[in-house]
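**Q** Those letters in the sequence shown? Residues 1 to 169, by full-length UniProt numbering. All C-beta atoms in this analysis are idealised placements derived from N, C-alpha and C, irrespective of residue type, glycine included. Note that the structure is predicted; figures quoted are calculated from it, not measured. Below is the structure I would like to discuss, written out as structure tokens.
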Amino acid sequence: MKKKAAVSSLLTLALILSCANPVKLGLQGLQTDVDSLAEKIEAGASLTERATELEREVTAQPTDEFIPKIEELKKEIAKVVMLEVNLTTIDDSLRVMNKSPRATEPLKRDISALRERVGELVGEIAVIKDADTKLDELVIKIEEAKEKAEKKAEKKTQSSRKKVEKKVY
Numbered sequence: 001m002k003k004k005a006a007v008s009s010l011l012t013l014a015l016i017l018s019c020a021n022p023v024k025l026g027l028q029g030l031q032t033d034v035d036s037l038a039e040k041i042e043a044g045a046s047l048t049e050r051a052t053e054l055e056r057e058v059t060a061q062p063t064d065e066f067i068p069k070i071e072e073l074k075k076e077i078a079k080v081v082m083l084e085v086n087l088t089t090i091d092d093s094l095r096v097m098n099k100s101p102r103a104t105e106p107l108k109r110d111i112s113a114l115r116e117r118v119g120e121l122v123g124e125i126a127v128i129k130d131a132d133t134k135l136d137e138l139v140i141k142i143e144e145a146k147e148k149a150e151k152k153a154e155k156k157t158q159s160s161r162k163k164v165e166k167k168v169y
């Protein structure tokens, strides 16, 4: 009797699982993934503000002391930018799901909405990438200011040497 009940419940479970729409199950999993990635990307949104603040400071006084801050910020940005690969993979999966014969109209609307959300997140990452580019430009600005200061100091030294030479002779 117990065997029949166990077999019966297993058959019922198998029947339920076979009726479940794999597109719906996959979509639920991808929705969870997108939500998780969205949290990480939105947490990284402050990175652009920090990059802008750093840009103001460097523009006011371009010195080497900012290089470690820039490098640290670039590492944090790189972590967020790497999430774009995950979003691209999810978008590809959604595109395939949308073409599935098991994708009903309500599921296709959900797929479309999720693809739109993925597109928005990719757009947010693009803004963060722009901040990374700004940081690269700041490093160049610091290096140029350093070279300019070195040349100025060298000219001053040469000028002092000439004055000393004139006095000596």
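When you compare the segment 60 to 71 with the segment 98 to 109, are there three or more beta-carbon pairs, one atom per stretch, that lie closer than 8 Å?
**A** No: the two stretches stay apart, fewer than three of their Cβ pairs being nearer than 8 Å.
**Q** Can you check which of these residues, R56, L73, V81 and R50, is closest to G123 by C-alpha distance?
**A** Looking at the Cα atoms, V81 is the closest of the given residues.
**Q** Provide the residue span of the alpha helix (DSSP H) that contains M82, from first to last.
**A** No alpha helix (DSSP H) holds M82; DSSP gives it neither H nor E.
**Q** Run the CB neighbour count on A153, radius 10 Å, all protein chains shown included, and call it buried at 16 or more, exposed below.
**A** Classification for A153: exposed.
**Q** Can you give me the C-alpha to C-alpha distance between M97 and V23, rounded to a whole angstrom?
**A** For M97 and V23, the distance between alpha carbons rounds to 6 Å.
**Q** With a threshold of 7 Å on Cβ separation, who are the neighbours of Q31 within its own chain once the five nearest residues in sequence on each side are excluded?
**A** Contacts found: L114.
**Q** Considering only C-alpha positions, which residue in the set L27, D91 and G44 is nearest to A126?
**A** Closest by alpha carbon: G44.
**Q** Please classify I77: is it buried, with 16 or more other beta-carbons within 10 angstroms of its beta-carbon, or exposed?
**A** It counts as buried.
**Q** Can you name, in chain order, every residue of its own chain whose Cβ lies under 8 Å from the Cβ of V118, other than the five neighbours on each side?
**A** So the qualifying residues of the chain are V34, L87, I90, D91 and L94.
**Q** What is the rounded straight-line gap between the Cα of A131 and the Cα of K148?
**A** About 26 Å.
**Q** What first and last residue would you give for the alpha helix (DSSP H) that runs through E29?
**A** Here the sequence assigns Gly to residue 29, which means Glu is not the residue at that position. Taken as a continuous stretch (DSSP letters only), the alpha helix (DSSP H) holding G29 covers P22 to A43.
**Q** Taking 9 Å as the threshold (C-beta atoms), are L83 and L47 in contact?
**A** No.
**Q** Which of the three DSSP states, helix, strand or coil, is assigned to R102?
**A** Coil, per DSSP.
**Q** When you measure from the CB of L87 to every non-hydrogen atom of the ligand HEM, does any distance come out below 8 Å?
**A** Absence of the ligand HEM from the depicted structure is noted, as is the absence of any ligand whatsoever, leaving it without description.
**Q** What's the call for A51, buried or exposed, on a 16-neighbour Cβ count within 10 Å?
**A** So A51 ends up on the buried side.
**Q** Going by C-alpha distance, which of I128, L37, K146 and Q28 is nearest D64?
**A** For D64, the nearest C-alpha among the options comes from K146.
**Q** Let me know if V58 comes out buried or exposed under the rule of 16 or more other beta-carbons within 10 Å of its beta-carbon.
**A** Answer is buried; the Cβ neighbour count reaches 16.
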